[in-house]
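Take -3 as the starting number for the sequence shown in this note's numbering and just add one per residue. By construction, the Cβ of each residue, glycine as well, lies at the ideal position given by its N, Cα and C atoms.
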Amino acid sequence: MNKFYVTTPIYYPSGKFHIGTAYTEVLADMVKRYHVLKGEESFLLTGTDEHGQKIENKAREAGMEPKEYVDIQAEKAIELWKKMKIDYDKYIRTTDDFHIEAVQKIFEKFLKQGDIYKGEYEGWYCEPCESYFTETQLVDGNCPDCGRTVYKMKEEAYFFKMSKYVGRLVKYYDENPDLIKPSYRKQEMINNFIKPGLEDLCVTRTSFDWGIQVKSDPKHVIYVWLDALTNYITALGYESEDDSLFKKFWPADAQIVGKDIARFHLIYWPIFLMALDLPLPKTIFVHNWVTMKDGKMSKSVGNVIYPEQLIDRYGLDATKYYLIREVPTSSDGLFTPEGFVERFNSDLCNDLGNLLNRSIAMCNKYFDGKLDGYNGLKNDVDLSLEEMVKTTIENFDLAFSNFEFANSLKIIWKLVSRTNKYIDETEPWKLAKDMESEDNQEKLKSVIYHLIATLKQIAILIRPLMEETSDNMLRQLGLLSEDIVWNQLQNYKELKDIRVIEKGEPLFQRVDANEEIEYIKSLMKK
Ligand code: MSP
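Here it is in structure tokens:
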């Protein structure tokens, strides 16, 4: 059986997750579910990244010990993923004992093999990003990642010899074009970080305590990114007594990360793996961001939207659909209340909802809700719909395996539109006027069959992202969702003894656009 291992970044449990943060999780969950439907043994890893100065400061601000603080925050994250039905297989916390022990072993290994050495570090430090920068990396004297003020700091520290591996890394990039998706991110890494000269990375701190101690030199704690990145292997039991999951699932098939943390995942992570003599992930997919009209989502600007707020009002599937549909592979996506409501009313209520509703109503009206199966009529219009179904499946698989997720939804919705048009073209109500004619009857049966069979295909195609809607569609079509697997997309003509429900139910309830736009705007101001 094929296996598929997909990871999300582990989250900083330092605040409430907004829709942008939830985006990575929704994406990874969809990827996992797609592979499950394909019958692959799939494993999704997520969790929380709980060490470092940033977290320690947050805890102190809240008047708590760091561990007490991260326990509460991790619980909140877990609750959100439960509400969002994220189907993860392991939730790792970097404060888990097994992780701490494995990271300590990894550090000692690097030390022993000479990849880590002791020195003194002086540089410009950005506290929120927990990163040191050189003079030349600063932008207008500020942090190049977040733009905030940086401070000159000096400390005894251990360093990782990045220079030893950088040549190998670039060669690996060139020989493995699937490693980085989309490919323009590779050039960014080379131009912005590798060409200017990759400096050795400072991998310990002495200025604070909230981190994993270096076993052989306990006044040092391990740099949070070295600690965090290794979660992808420690979660599977690497360097523990039971490493069976590691043996089964590593290397990861897809590691999904946002563009802000591309540097850590595309440069440091592969180098750490090379130093451990482990295979690299097959693909690291860097996604763009969900942004707002006035830039980044931030409480101070008053433009933040939380996933719970949208889910409670519009449902989980509508929320997920919007997020994935709006963020293209080539640029950031823009969240607007107008856009959200438009997609809800137009894509979900009108296009998909009405298609199901009209089809079920016609099946009931003309055939009492029952149909034997495919009758083999070869009308041009039917054949052209069949052809479109076939190409939709191919194009969807292609887009999905190429990590073009917004596009993969666009492809499905093209079929939805085409099928609505098919109803207009075949005019079933005209055929129904003369049911005495056997020819007409067969034509009408063929139309209704094509509608139901196409809706079943659509229900399967949206299933990785919108399982509730898929279940709902299948139930109304009289089909069992438990039996659904991806392969059934090949069985277009094999539906038998169709029995749709007597009265169709709306998949999504149309909303008043102006009212809802105002409602979402009021959420953003809160
Ligand atoms: N803890 C680190 C990751 C360590 S992985 C070894 C971290 N955590 S985070 O909580 O700040 O971010 C988690 C994910 O949310 C990242 O993939 C990040 O890109 C993503 N997003 C945060 N804001 C986002 C948007 N506005 N839009 C899309 N994704 C965004 O980074």
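Span of the beta strand (DSSP E), counted from its first residue to its last, around residue i
{"i": "Cys122", "result": "112 to 122"}
{"i": "His283", "result": "280 to 283"}
{"i": "Met149", "result": "147 to 156"}
{"i": "Ala250", "result": "250 to 254"}
{"i": "Tyr87", "result": "86 to 89"}
{"i": "Leu40", "result": "37 to 44"}
{"i": "Tyr128", "result": "127 to 129"}
{"i": "Lys517", "result": "Here Lys517 belongs to no beta strand (DSSP E); instead the alpha helix (DSSP H) covers 509 to 521."}
{"i": "Ile494", "result": "492 to 495"}
{"i": "Phe260", "result": "That residue, Phe260, is in no beta strand (DSSP E); it is neither H nor E in DSSP."}
{"i": "Phe0", "result": "-1 to 3"}
Local Cβ density within 10 Å of residue i, reported as buried at 16 or more and exposed below that
{"i": "Glu116", "result": "exposed"}
{"i": "Val297", "result": "exposed"}
{"i": "Trp425", "result": "exposed"}
{"i": "Asp93", "result": "exposed"}
{"i": "Asp273", "result": "exposed"}
{"i": "Pro502", "result": "exposed"}
{"i": "Arg56", "result": "exposed"}
{"i": "Thr450", "result": "buried"}
{"i": "Pro303", "result": "buried"}
{"i": "Asp249", "result": "buried"}
{"i": "Ile68", "result": "exposed"}
{"i": "Pro173", "result": "exposed"}
{"i": "Arg459", "result": "buried"}
{"i": "Thr387", "result": "exposed"}
{"i": "Asn510", "result": "exposed"}
{"i": "Asp45", "result": "buried"}
{"i": "Arg144", "result": "exposed"}
{"i": "Met358", "result": "buried"}
{"i": "Arg321", "result": "buried"}
{"i": "Arg495", "result": "exposed"}
{"i": "Thr415", "result": "buried"}
{"i": "Lys54", "result": "buried"}
{"i": "Tyr147", "result": "exposed"}
{"i": "Ser380", "result": "exposed"}
{"i": "Met431", "result": "exposed"}
Between the CA atoms of residue j and residue i - distance to the nearest angstrom
{"i": "Ile263", "j": "Arg164", "result": "11 Å"}
{"i": "Lys157", "j": "Ile96", "result": "22 Å"}
{"i": "Glu123", "j": "Gly233", "result": "31 Å"}
{"i": "Pro324", "j": "Ser433", "result": "50 Å"}
{"i": "Leu269", "j": "Leu276", "result": "6 Å"}
{"i": "Thr465", "j": "Asn371", "result": "28 Å"}
{"i": "Phe189", "j": "Ile480", "result": "46 Å"}
{"i": "Val199", "j": "Glu237", "result": "26 Å"}
{"i": "Asp141", "j": "Cys125", "result": "8 Å"}
{"i": "Leu405", "j": "Lys72", "result": "30 Å"}
{"i": "Ser342", "j": "Asp83", "result": "29 Å"}
{"i": "Phe392", "j": "Ala24", "result": "17 Å"}
{"i": "Asp347", "j": "Lys521", "result": "31 Å"}
{"i": "Ser355", "j": "Ile408", "result": "18 Å"}
{"i": "Glu36", "j": "Phe245", "result": "12 Å"}
{"i": "Glu438", "j": "Asp493", "result": "16 Å"}
{"i": "Pro247", "j": "Tyr228", "result": "10 Å"}
{"i": "Asp223", "j": "Arg506", "result": "47 Å"}
{"i": "Trp285", "j": "Asp376", "result": "43 Å"}
{"i": "Glu64", "j": "Gln49", "result": "15 Å"}
{"i": "Leu427", "j": "Lys489", "result": "22 Å"}
{"i": "Gln453", "j": "Glu104", "result": "53 Å"}
{"i": "Lys78", "j": "Lys114", "result": "44 Å"}
{"i": "Glu195", "j": "Arg309", "result": "49 Å"}
{"i": "Leu352", "j": "Leu411", "result": "13 Å"}
{"i": "Gln109", "j": "Gln251", "result": "27 Å"}
{"i": "Leu197", "j": "Phe155", "result": "5 Å"}
{"i": "Phe0", "j": "Leu175", "result": "15 Å"}
The alpha helix (DSSP H) enclosing residue i, as first and last residue numbers
{"i": "Val32", "result": "15 to 33"}
{"i": "Ser442", "result": "434 to 457"}
{"i": "Ser466", "result": "463 to 472"}
{"i": "Tyr65", "result": "62 to 79"}
{"i": "Glu97", "result": "93 to 108"}
{"i": "Glu57", "result": "49 to 57"}
{"i": "Leu269", "result": "265 to 271"}
Residue i beta carbon near the ligand SAM (any heavy atom closer than 6 Å)
{"i": "Trp285", "result": "Annotation note on the ligand SAM: not contained in the displayed structure, which lists the ligand MSP as its ligands."}
- prompt: Taking the runs of the alpha helix (DSSP H) that are 4 residues or longer, which of them lie wholly in the stretch 290 to 314?
  reply: Runs found: 303 to 310.
query: Quick one: complete alpha helix (DSSP H) runs, 4+ long, within the stretch 167 to 242?
result: Within the stretch 167 to 242, the alpha helix (DSSP H) runs of at least 4 residues that lie entirely inside it are, in chain order, 180 to 185, 220 to 225, 227 to 230.
message: In chain order, what are the residue ranges of uninterrupted alpha helix (DSSP H) at least 4 long that sit wholly in the stretch 347 to 431?
response: Segments of the alpha helix (DSSP H) lying fully in the stretch 347 to 431: 350 to 363, 376 to 397, 401 to 422, 424 to 427.
- request: Could you tell me which uninterrupted alpha helix (DSSP H) segments, each at least 4 residues in length, are contained entirely in the stretch 321 to 346, listed from first to last along the chain?
  value: Qualifying alpha helix (DSSP H) stretches, in chain order: 333 to 339.
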